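Report on the structure given below.
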Amino acid sequence: MSYFTETNSVETVNARMGAQTDPRLAEIMSSLVKHLHGFAKDVSLTQEEWDFAIGFLTRTGQMCSGERQEFILLSDVLGFSMLVDAINNRRPEGATENTVFGPFHVADAPIRQMGDSINLDGKGESCLFEGRVLDLDGHPIEGASVDVWSDNADGYYDVQQPDIQPKWNNRGRFITAADGHYSFVGIKPVSYPIPDDGPVGKMLGQLGRHPYRPAHMHYLITAPGYQKLVTHTFVGGDEYLESDAVFGVKTTLIAPYEKVDNGETLWRSPFDFVLVPR
Ligand code: BEZ
Ligand code: FE
-3 MSYFTETNSV ETVNARMGAQ TDPRLAEIMS SLVKHLHGFA KDVSLTQEEW
47 DFAIGFLTRT GQMCSGERQE FILLSDVLGF SMLVDAINNR RPEGATENTV
97 FGPFHVADAP IRQMGDSINL DGKGESCLFE GRVLDLDGHP IEGASVDVWS
147 DNADGYYDVQ QPDIQPKWNN RGRFITAADG HYSFVGIKPV SYPIPDDGPV
197 GKMLGQLGRH PYRPAHMHYL ITAPGYQKLV THTFVGGDEY LESDAVFGVK
247 TTLIAPYEKV DNGETLWRSP FDFVLVPR
């Protein structure tokens, strides 16, 4: 047994772990201690800097409530949410890629009829979203739930403005028939800042980073026998595509937006989703 020193810090802390510790917990904690100590040594962390970090983490926790999850935002802006997502959703060629879930999904949105509008506040440029839910062989998937949500034309989700927007504005679920087809009318989404009035927003400012996400439509697609797909389609040409505050953009998720102005909608955005068997 040796007492703690700067040199043996990792081994000394990890040696304390009990023999009965769950093996996965032991693996995770010993790696965490190794990398955390390595980080402090790498930057020769000062006491003042560590005190500041403790204060930052405390403020981050204090910012959390039923409606606000500042730790997830922190994970998002550090690219950690996207990294964990990538590790856990390695997909075969041809399958639609995952991206960050975000904090604005609401479970049990109304099930709507194909072609219905989800734009309840009437703001924004109308857009027909349509395509198919397919398997890896290109066959349509019947009974897939296509759960969609987007911000409104002012850049806010309904849950951010419960006193201003109608409930379920720009949200809905659509269930595919045998042809795998889905369609709904929404708005051409607009770019918006992630909530930046807390410690994470302040950190972004200090790092010279903006809080904006490029315009996107969210999708959560589930079907019996298939892996869950959590993704977005992005609006091509958006000024924030290459600097998304949460690193969610993937080339394959940039969707076409065709100007149709056919008297019914101003835009049309076709996109097929390809699911992987479970
Ligand atoms: C979103 O796209 O809704 C989102 C994702 C991550 C952080 C904040 C918002
Ligand atoms: Fe979003």
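Anchor point for the sequence shown: position 180 equals 176 in the numbering used here, and the numbering is continuous, going up by one each time. Each residue gets a CB set at the ideal place from its N, CA and C atoms; glycine is no exception. Predicted, not measured: the structure shown is a model, and the values here were computed from it.
With a beta-carbon spacing of about 31 Å, Leu271 and Pro191 fall beyond the 8 Å limit used to define contacts. For Gly98, the shortest C-beta to heavy atom distance toward the ligand BEZ is below 6 Å. Relative to the ligand BEZ, even the nearest heavy atom lies 6 Å or more away from the CB of Ile183. The C-beta distance from Val9 to Val39 rounds to 19 Å, too long to meet the 8 Å contact threshold.
Assignment of Ile160 by DSSP, reduced to helix, strand and coil, places it in the coil class.
Taken in chain order, the whole beta strand (DSSP E) runs of length 3 or more contained in the region 87 to 140 are 122 to 130. Gly34 and Ser239 have their C-alpha atoms roughly 29 Å apart. Comparing alpha-carbon positions, the option among Phe125, Asp193, Asp112 lying closest to Thr56 turns out to be Asp193. Per DSSP, reduced to three states, the secondary structure at Gly232 is coil, with no helix or strand assignment. The beta carbon of Asp240 sits no closer than 6 Å to any heavy atom of the ligand BEZ.
For Asp268, the three-state secondary structure derived from DSSP is coil. If you compare the alpha carbons of Leu237, Gly259, Phe100 with that of Gly62, the shortest gap goes to Phe100.
Judged by the Cβ position, Ile114 fails to qualify as a neighbour of the ligand BEZ at the 6 Å threshold, every heavy atom of the ligand being at least this far. No residue range can be given for Gly14, since it is assigned to no alpha helix (DSSP H) and is classified by DSSP as neither H nor E.
Arg274 is a Cβ neighbour of Gly221, given a cutoff of 7 Å.
Considering only Asp268, Phe267, Glu260, the residue with the shortest C-alpha distance to Ser113 is Glu260. Of the other Cβ atoms in all chains shown, fewer than 16 fall within 10 Å of the Cβ of Leu41; this residue is therefore exposed. Within the same chain, Cβ atoms closer than 8 Å to the Cβ of Ile183 are found at Asn115, Lys119, Gly120, Glu121, Ser122, Cys123, Ser146, Asn148, Ala149, Asn166, the five residues on either side in sequence being excluded.
The Cβ neighbour count for Met78, taken over all protein chains shown within 10 Å, is at least 16; the residue is labelled buried. For Ile68, the three-state secondary structure derived from DSSP is helix. If you draw a straight line from the Cα of Ile160 to the Cα of His212, it comes to about 21 Å. Around the beta carbon of Phe0, a 10 Å sphere encloses fewer than 16 other beta carbons of the protein chains shown; the residue is thus reported as exposed. Note on geometry: alpha-carbon atoms of Phe76 and Pro207 lie some 16 Å from one another.
Counting every other CB atom within 10 Å of its CB across the protein chains shown gives Ser265 a total of 16 or more, marking it as buried.
DSSP places Lys255 within a strand segment (E or B) once states are collapsed to three.
In the structure shown, Ser5 adopts helical secondary structure according to DSSP, grouped into three states. The continuous alpha helix (DSSP H) containing His33 extends over residues 19 to 39. Sequence-distant partners of Pro195 (beyond 5 residues in either direction) whose C-beta falls short of 7 Å from its own C-beta, in its chain, are Phe52, Arg55, Thr56, Met59, Glu66.
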